[in-house]
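Just so you know, the sequences run in chain order A and B.
Numbering of the first sequence is given in the UniProt record's numbering, commencing with residue 1 and proceeding in unit increments.
Numbering of the second sequence is given in the UniProt record's numbering, commencing with residue 1 and proceeding in unit increments.
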Amino acid sequence: MASFVPTDADTLEDQRLYTQARLTEVACLDCLARVGVKKNSEHHTSVQWNAEARAHCPDLARRSGGRDVHPACPRMLASIEAAARDGQIPIGAEDGY
Amino acid sequence: MSDTRFLDQGTPPARFARGWHCLGLAETFRDGKPHAVHAFGTKLVVWADSQGEIQVLDGYCRHMGGDLTQGEVKGDQVACPFHDWRWGGDGKCKQIPYARRVPLRARTQRYPVAIRNDQVLVWHDVEGSAPDHDILPPQLPGLAEGEYTDWVWESEHIEGSHCRELIDNVVDMAHFYYVHFAFPTSFRNVFEGHVATQFMESKGRPDKTGGYGDAELFLKSEATYYGPSYMINWLDTDYKGFNTEVVLFNCHVPTGPDSFLLQYGIVVKKPQGMDDKTANFIAQKYAEMFGSGFLQDVHIWKNKVPVQNPLLCEEDGPVYQLRRWYEQFYVDVDDIAPEMTDRFEFEVDTTKANEFWQDEVAENLRKKAEEDGDPHGPDGDGADAGSPQVMTGT
Ligand code: FES
Ligand SMILES: [Fe+2]
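Shown next, in the form of structure tokens:
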């Protein structure tokens, strides 16, 4: 049951565009984690994890649950940068998403 | 079909969020009197029992609806001003001074309490679950040990806006420039589980005063929501080479479908060798600045409409993902979808925005210098050393 209910069907399509569209799967070069990545520009990165990927990442598993949960896993970051350099991740947004 | 875009204002949720909500500093409730706090569409009564433990019940007596907040504390209980029924912190009526016995069904709504960071937090869940102590916000290390200044604590009732407007600030990079007069030079979000964080590095705008504008102020801000309503904002400020560690607590409790009580408190880490009076003065200054920055947000909220379908550009933060995270507190626990709590990381590209903004600021300064009749252009002055500006996560 949704709580903030959209009154227009197009809103659901917007939700899909902004949260799911154009995600490219990137596999970590060091562990079995696979995440969804979007790059609207060179400096922008959006990384979507799921429970399975999270469970694979040894770096994130070491975090205490305090303020140290926030930094990205450096290995995944390097894997994403490598994928972007190799042209595996399309760079550039499509009408803002 | 028309190409015109429509605003979907949606309908606000029919419930209040599940989670821990802060009612204020515990000390304010320890004066031997019952206190009223409007929350969750009703009024709560808050008092301290004889052990100093804070108790919270629904404010209206289950006998004939008397207002317990106008009653008295008698021993461990709150006594109703109408017929003196005595209610304990466990929600049970303990005594009716004129009656043979207390009806077995004399139980009222109680709110489980936890004390964190000197504050009273209550658990709210329309499903009536037991309080989840595992997701309480963290205790600030050093606070109980006296390493911080006294509290500066403020509250403000906001009418006509759903509290999600406040939450949206977590991802709203550009409003810091336009509403709060600062350049966010780096901006990143991480959401996971019940926690949502914004990291920002910024400096003030030299062409503006007021708000958070001050070219001499650099800061690193880490602002984290622990659950739907309780944010801790760690602010490392550098003002003309003077470093201060400010911690802002920003919390709210919904009072109705489109109103909420916002409260914020500030403590400052006492710098080595500084006397308490000076340190408290600095905390007061930061609180005033945060207060004025906050009013800038309030003004926007009061005049805007709710938007279910924001239209974003490439430089905007992850509004839809933040709201997806926030949704977890408004559905039954069984209906929490994995994507609401899955880890999500977002790095905002601030490079282009900052190029445009630097140009705009330079132009503003040039115009200002022209108006002032200064042929040498702006001198970069205008910052008042006595009032550093603070840039916060909201
Ligand atoms: S209404 Fe409270 S004692 Fe009667
Ligand atoms: Fe703001």
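Even glycine gets a Cβ: it sits at the ideal position worked out from N, Cα and C.
All values derive from a computational prediction rather than experimental measurement.
Distance, Ala279 of chain B Cα to residue 98 of chain A Cα:
Given that chain A is displayed from residue 1 to residue 97, the structure contains no residue 98 of chain A and the question cannot be resolved.
So which residues of chain B does Ser46 of chain A contact, with C-beta pairs closer than 9 Å?
Here the neighbours are Pro318, Gln321, Phe344, Glu345, Phe346 and Glu347.
If distances are taken between C-alpha atoms only, which option among B:Gln284, B:Pro97 and B:Phe82 comes closest to Tyr148 of chain B?
Of all alpha-carbon atoms in B:Gln284, B:Pro97 and B:Phe82, the one lying nearest the alpha-carbon of Tyr148 of chain B is that of B:Gln284.
Verify the CB distance criterion: does Thr394 of chain B have a CB-CB separation below 7 Å to chain A?
Thr394 of chain B does not count as touching chain A.
Does the Cβ of Tyr98 of chain B have 16 or more other Cβ atoms within 10 Å, making it buried, or fewer, making it exposed?
Exposed, by the Cβ-count rule.
Contacts that Thr19 of chain A makes with chain B (C-beta to C-beta distance below 7 Å):
Chain B residues near Thr19 of chain A: Tyr320, Gln321 and Arg324.
Own chain, CB closer than 6 Å to Pro310 of chain B, minus 5 neighbours either side, in chain order
So the qualifying residues of the chain are Val319.
Against Asp8 of chain A, what residues of chain B qualify as contacts under a CB-to-CB distance less than 8 Å, listed in chain order?
Near Asp8 of chain A (Cβ distances below 8 Å), the residues of chain B are Phe6, Asp8, Gln308 and Asn309.
Determine, for residue 186 of chain A, whether the minimum Cβ-Cβ distance to residues of chain B falls below 7 Å.
Residue 186 of chain A is absent from the structure shown; chain A starts at 1 and stops at 97.
Between which two residues does the beta strand (DSSP E) carrying Lys203 of chain B extend?
Here the beta strand (DSSP E) through Lys203 of chain B covers Val195 to Gly204.
Relative to ligand 1, is the shortest distance from any of its heavy atoms to the C-beta of Gly59 of chain B smaller than 6 Å?
Flag unset: Cβ of Gly59 of chain B not near ligand 1.
For Ala14 of chain B, count neighbouring Cβ atoms within 10 angstroms of its own Cβ and tell me buried if that reaches 16, exposed if not.
Answer is exposed; the Cβ neighbour count stays below 16.
Simplified DSSP state of Tyr330 of chain B, which is helix, strand or coil:
Tyr330 of chain B: helix per DSSP, three-state reduction.
Nearer than 6 Å: is that true of the beta carbon of Asn189 of chain B relative to any heavy atom of ligand 2?
Exclusion of Asn189 of chain B from the 6 Å shell around ligand 2 follows from its C-beta lying no nearer than that to any non-hydrogen atom of the ligand.
Beta-carbon proximity check, Cys313 of chain B vs Gly96 of chain A, cutoff 7 Å:
For Cys313 of chain B and Gly96 of chain A, yes; Cβs fall inside 7 Å.
Quiz: which residues have CB nearer than 7 Å to ligand 1 non-hydrogen atoms:
Qualifying residues come out as B:Cys61, B:His63, B:Met64, B:Gly65, B:Gly66, B:Cys80, B:Phe82, B:His83, B:Asp84 and B:Trp85.
Please confirm whether Ser102 of chain B and Pro34 of chain B have their CB atoms less than 7 Å apart.
Checking the sequence shown, residue 102 of chain B turns out to be Val, not Ser. Using a Cβ distance threshold of 7 Å, Val102 of chain B and Pro34 of chain B do not count as a contacting pair.
Any chance the CB of Asn169 of chain B is under 6 Å from a heavy atom of ligand 2?
Remark: the C-beta of Asn169 of chain B is in contact range of ligand 2, defined as less than 6 Å to any heavy atom.
Ser2 of chain B versus Ala9 of chain A: straight-line alpha-carbon distance, rounded
Their backbone Cα atoms lie some 15 Å apart in a straight line.
Helix, strand or coil for His83 of chain B, going by three-state DSSP, please let me know.
His83 of chain B falls in the coil class under three-state DSSP.
Could you tell me whether any Cβ in chain B is nearer than 7 Å to the Cβ of Gly65 of chain A?
For Gly65 of chain A, the answer is no, since every Cβ of chain B falls outside 7 Å of its Cβ.
Flag Asp297 of chain B as yes when its Cβ comes closer than 6 Å to any non-hydrogen atom of ligand 2, and as no otherwise.
Answer for Asp297 of chain B: yes, Cβ within range of ligand 2.
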